[in-house]
Amino acid sequence: FEYKDYRHGGSKVLHTLKTIDFIGRLIRHIPSHYFNVIRHFGILASRVKKQYKEITDRVLESPPEVDEAPNWRERQTAFRGRDPLLCGVCGRVMRFVSSRIPSVFFPVIQRKMFK
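Okay, so the sequence shown: first residue is 1 according to UniProt numbering, each after it adds one.
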């Protein structure tokens with residue numbers, strides 16, 4: 001059989017094998033029954049692979065765009081229409097000191113932590 005040797009510049013190579021060896025090598029290329037072959041479609045298609053490779057190379061060279069999600073304070077301000085960390089009496093920014101878990105939740109927390 002004859003094939004294109006891409007390792008050596010795409011030159012054609014003539015290769016001779018015993019029949020059983022040829023069939024064995026050929027069978028390796030047959031996909032299993034439920035295997036989905038997708039290399040002929042989309043960006044993996046041979047006819048557009050070069051175009052997409054140039055585009056992806058340019059994209060990967062540029063720094064990724066970071067889409068910063070709003071934090072809790074910004075989301076609450078947008079939802080409620082006022083800043084949740086501003087004191088309603090004096091107008092100063094409140095700061096977090098501590099939180100307390102009600103005692104009714106202790107059994108649930110202990111079960112989840114010590115399983």
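Glycine is no exception: its CB is placed at the ideal position from the N, C-alpha and C atoms.
What separation, rounded to the nearest whole angstrom, lies between the Cα atoms of S62 and K53? 15 Å
Among all the DSSP beta bridges, which residues are the ones paired with D5? S11
Extent of the continuous alpha helix (DSSP H) to which K49 belongs: 49-61
Counting only the same chain and skipping the five closest in sequence on each side, list residues whose C-beta sits under 8 Å from that of P31. V37
The alpha helix (DSSP H) spanning E74 covers which residue range? 72-80
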